[in-house]
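Working notes for the structure below.
There are 2 protein chains.
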Amino acid sequence: MPNHAYIPKYQLTIDKILLRAVQQFPDKEIVYKDVLRYTYRDFYRRVVRLASALDAIGIGKGDKIATLEWNTHRHMETYFAVPMMGSILHTVNLAMAPTDIIYVLGHAEDNAVLLGEEILPYAEALAPQLETVKYIIVSTDKEDLELPDIPGKEVYEYEALIRDYGSDTYEFPELDEDTTATLMYTSGTTGLPKGVYFSHRQILLHTLSLIIQFTYEGFTLAPHDVILHIVPMFHVHAWGGPFASTLMGQKQVLPGRLDFGLILKLIEKEKVTQMAGVPTILYMLLNHPESKNYDLSGIKMIVGGAALPKGLYYEAKKRGMKIIQGYGMTETCPGLTSANLKPGMESLSEEEKDEIFLSAGFPFPLVEIRVVDSQFNDVPKDGQSIGEVVAKAPWVAVEYYKDPDKSRETYVQGWFRTGDVAVWFPNGYLKIVDRYKDVIKSGGEWISSIKLEDYISTHRGVAEVAVIGMPDEKWGERPLAIIVPKKEYEDKLSEKDILSHLEQYVEKGVMPKWWLPDKIIFTNELPKTPIGKVSKRELREKYIR
Amino acid sequence: MPNHAYIPKYQLTIDKILLRAVQQFPDKEIVYKDVLRYTYRDFYRRVVRLASALDAIGIGKGDKIATLEWNTHRHMETYFAVPMMGSILHTVNLAMAPTDIIYVLGHAEDNAVLLGEEILPYAEALAPQLETVKYIIVSTDKEDLELPDIPGKEVYEYEALIRDYGSDTYEFPELDEDTTATLMYTSGTTGLPKGVYFSHRQILLHTLSLIIQFTYEGFTLAPHDVILHIVPMFHVHAWGGPFASTLMGQKQVLPGRLDFGLILKLIEKEKVTQMAGVPTILYMLLNHPESKNYDLSGIKMIVGGAALPKGLYYEAKKRGMKIIQGYGMTETCPGLTSANLKPGMESLSEEEKDEIFLSAGFPFPLVEIRVVDSQFNDVPKDGQSIGEVVAKAPWVAVEYYKDPDKSRETYVQGWFRTGDVAVWFPNGYLKIVDRYKDVIKSGGEWISSIKLEDYISTHRGVAEVAVIGMPDEKWGERPLAIIVPKKEYEDKLSEKDILSHLEQYVEKGVMPKWWLPDKIIFTNELPKTPIGKVSKRELREKYIR
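Top line first, the protein sequences correspond to chains A and B. Everything in the first sequence is counted per my numbering, starting at 1 for the first residue and increasing by one. Everything in the second sequence is counted per my numbering, starting at 1001 for the first residue and increasing by one.
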């Protein structure tokens, strides 16, 4: 077509989210702990003032601002102000080791750091190592915090900054939708953190798709829901919550640092109906000493980031909560799939629905998922065959920042390799069964270490078990099981006991015979990572290399 | 950021809608009248065969295919197959005059025409005038339709075409998201029809936004809803229904040509829950002789295209239907606003909700609306001040096809002028009060001809009234009222009666004093357009020029 446009191309930028919010829902509330509540109108005004203040002190387009901060209203203001002024928001994971934090600030070449006051002492100590950082902005609830002198850095208190340098009439620049909006680092279990970045377009499309995915039954989110932002805002866009809620016009509650006593109070007081988080968060919520005094019924929670244990799911269900799993990762913005019901599934039995909700779900709109074998062929959708999950979506990060080797390894034939291993059911739902690096590649076929561990753990003498692959000349790899027996079974458990226990599953047809471990080792203890998971890396070092 | 992408840019193309549908909801149904029902899986297969058949007979990328067809499953197959193969779907309005149809086929330079068999006789007669058209494809429910020989044209029957030329293994080309997908003509009241076209990106973004807008209370659409496609598919993408329903995975019902007896039967049999249409369609549905025998309660309907009369709204409400207004036009793909409730409005009284539902609503996500005066300044959001509606959205057509004059007049300062005149309420809802060309521009201020007609029509002696602007040296324009008195008031009604009647409204403060007509003419009859509206163009010709 002869294409002469009489209007400029519409840009899919983040400001469109906030403009809708302030124009259509100006009186909706954002609540910060028991400290503050204000309207979307106020929020917008502060975002404008923050951007103009940052502009006034010298931060410009393409500059990077790192945040080391919990879920405060100030952090949420940076979510909009920084990308909207054309700068890049680098959310730093506070759970990283200090050396990693220094590494990522240097690797990103951040120009400014916004940090919570509790981090200020560390910042003072580390400042000399943060060469590119010129500005330090301190976020605090205190009115009389004394700011330190830090050689070579300009130090501002957030409220004073927007009061003294901000303007109500600042105009945001018009940005191209492909402008980078955010940057963050994944904390892999091995090696240095890897950076990924997202454009305005990616974040906006992720927001639209996420909202549509949660129009599906079993777990619908609506504009009148009240969201508690409990996913740390330094985890990949707080899983998209702040953007999606703002676009919809939901009431939003920010709990600051995670304090489950306060969180329970906020849930009751603000009538929270919706949240998201890792299984540990759900566990903490249910098992807090005060938990039983609060009514959690009707609260909807999306659980992701790690496999949701069945027991925890049922515990939450008993409290009246509605739980489903979602799946994604830092590199994917993060949403890929969630376990809503498809139309027509409303009539399933309660047990069948539980199975659905405990799966990883089906893809968001615009997400394409495949489960592929090592030759990149699709595995059958039979709920049995194992393959790696690969994805396409408008919001998949396009590379690892300044890391071509890792990028080349991860992006294959136009697809993003998630590193997760799954089965795919005939109904289109996905179930994650392992990490790619932990799966045992035997004769071109894959054995899920996690599934095999599950079967072994049902023996009454087994306290803990880990399965790893050991090199095998003929098969490539074969399973090695490392078992910690229960106290009363110490010295009584034999390789033969375990194998004959497993034979049952083979006979029942749930486990292929070739999954039987070639070797079983008994020990007193399994090495753990700092967050309490079994460290398969250390096991491999100890028993294989 | 150093931006090296290791994956190709994700394209926002229409195939993403259909791929999701067939992968995630393969067993959902599409029903065509009482003639046929098939699954999304079948639908997808037929879309592939149609595209490959078109490709095989010689239709390629950029070629234009006109459809002259009602709401059949075949028409819906072209909605996907034609744009997905890189060709352009030109839906032709069957309500246009034959001369206009010939005009638009020529102006568009269509390469092929798909038409319903009932149009075939006309096509035979008109064929010599359709110079660019090489292929004629006939859509019919009959199995033994005899095809005519038409000199210079290849004539195919649709089912034979996809059977004999189609392939199941055809692969759609990878398209850029800015590829033109559709073309259509607005049938303005004056002058020749004007063409507008839409890209894949525009249609996909419109689809996402439309679905999100209907997550708002008062009128939510869900994946388990059953949609009846009653908006003619030759009206701007059937208002987006086929694309949105397919993405969500809804059951879809196609009624063919509008036959309200059959439509009522389909509503009952297929358990329809959702539809859209102009007020006339709603009127026909409620007033069909069989209507009272059917239960319409719970059915949701979006009404647009013309102002919804209050009486009709309440009539539908009495039948248990849920009705809201939507607003948009051909040039806007079409969705701009709809009258859903904003979060927090659930607690309004029934009467207050009725007022909301009868307004034009608030903007869809990503749509920006302003109401501006002749200097392009925003009018106050006071529910009184009148201005023209101007819009920005990713899916606003970027020009009138091959019509730079009309384009330059319509696109101003980056905004699309809708030609509609509205008031804007403090709560952000819009109410359309006139067409720009009918509004009376008096002393730089605007008088809504429709509002003034409403006030005059409340006089018990008035049967019909039209208000037009007459030239005035001092004020630019002043109102002239043309009144048809009721039989019993003939020769009894005076200008003074009308003016003193209107003085009441002035005293009450609902109508400004300067709105009082300068002149009133009494007559027997008002000239009408073919669709029964008062023709203000003819009135202006008769009383002013």
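Yeah, the Cβ is synthetic: ideal placement off N, Cα and C, and Gly gets one too.
- With contacts defined as CB atoms closer than 7 Å, A/LEU539 and A/ALA466 qualify as a contacting pair.
- Under the 10 Å beta carbon count, B/LYS1028 is surrounded by 16 or more other beta carbons and is classified as buried.
- Under DSSP, A/GLY249 forms no beta bridge with any residue.
- Taken atom to atom, the span from the alpha-carbon of B/GLU1473 to that of B/SER1442 is near 10 Å.
- The DSSP assignment places complete beta strand (DSSP E) segments of no fewer than 3 residues inside the region 1406–1459 of chain B at 1415–1424, 1430–1435, 1440–1442, 1445–1447, in order along the chain.
- The beta carbon of A/GLU154 sits closer than 6 Å to those of TYR135, all from its chain and outside the five residues before and after it, given in chain order.
- Sequence-ordered contacts of the region 361–377 of chain A with chain B read PHE362, PRO363, PRO365, LEU366, GLU368 [C-beta pairs closer than 8 Å].
- Restricted to the region 165–220 of chain A, the beta strand (DSSP E) segments that are unbroken, complete and at least 3 residues in length are 180–186, 194–199, listed in chain order.
- Scanning chain A for C-beta atoms nearer than 8 Å to the C-beta of B/ALA1005 yields VAL398, GLU399, reported in chain order.
- Residues ILE30 of the same chain have their beta carbon placed closer than 6 Å to that of A/PHE43, with the five preceding and five following residues left out of the count.
- The Cβ atoms of A/GLU388 and A/VAL372 sit closer than 7 Å to each other.
- The straight-line gap separating the alpha-carbon atoms of B/LEU1012 and B/VAL1278 is approximately 30 Å.
- Residues of the region 404–419 of chain A that bring their beta carbon within less than 8 Å of a beta carbon in chain B comprise PRO404, SER407, ARG408, THR410, TYR411, GLY414, TRP415, PHE416, in sequence order.
- In this model, B/PRO1394 and A/LYS9 are separated by some 8 Å (Cα to Cα).
- Cβ atoms of A/PRO83 and A/THR182 come within 8 Å of each other, at about 7 Å.
- If you compare the alpha carbons of B/LEU1258, B/GLU1346, B/PHE1243, B/SER1245 with that of B/PRO1232, the shortest gap goes to B/LEU1258.
- Under the Cβ criterion (8 Å, minimum of three pairs), the region 1192–1210 of chain B does not count as touching the region 313–327 of chain A.
- In the DSSP assignment, A/ALA316 falls within the unbroken alpha helix (DSSP H) covering 310–318.
- Taking C-beta separations shorter than 7 Å and ignoring five residues to either side along the sequence, the partners of B/LYS1381 in its chain run TRP1424, PHE1425, PRO1426, following chain order.
- The three-state secondary structure of B/GLU1525, taken from DSSP, is coil.
- In terms of Cα proximity to B/LEU1115, the closest of B/ALA1097, B/THR1078, B/MET1085 is B/THR1078.
- Taking a C-beta distance under 7 Å as the contact criterion, A/VAL303 and A/GLN274 do not qualify as a contact pair.
- Fewer than three beta-carbon pairs drawn from the region 279–299 of chain A and the region 98–109 of chain A are found closer than 8 Å, and the two stretches are therefore not classed as touching.
- At least one C-beta of chain B is nearer than 7 Å to the C-beta of A/PRO223.
- Distance check between B/ILE1059 and each of B/LEU1210, B/LEU1493, B/GLU1503, B/VAL1113 places B/VAL1113 closest, using alpha-carbon atoms only.
- Per DSSP, B/GLN1274 lies in no alpha helix (DSSP H) segment; the continuous beta strand (DSSP E) that holds it begins and ends at 1274–1277.
- Here the region 1249–1256 of chain B lies against the region 1065–1076 of chain B, with 3 or more beta-carbon pairs under 8 Å apart.
- Per DSSP, A/ILE356 lies in no beta strand (DSSP E); the unbroken alpha helix (DSSP H) holding it starts and ends at 350–357.
- Every alpha helix (DSSP H) of 4 residues or more that sits fully in the region 63–92 of chain A is shown, in chain order, as 73–84.
- Annotated three-state conformation of A/GLY469 is strand, per DSSP.
- Between A/SER338 and A/GLN250, the C-beta gap is not smaller than 7 Å, which leaves the two residues out of contact.
- In this chain, the beta strand (DSSP E) harbouring A/THR39 covers 36–39.
- Taken through DSSP and simplified to helix, strand or coil, B/LYS1542 comes out as helix.
- Closest in alpha carbon position to B/TYR1294, among B/ILE1065, B/ALA1306, B/PRO1485, B/LYS1271, is B/LYS1271.
- Between the C-alpha atoms of B/GLN1384 and B/GLN1129 there is a straight-line separation of about 51 Å.
- When DSSP reads this structure, B/GLY1305 sits in no beta bridge, so it has no partner.
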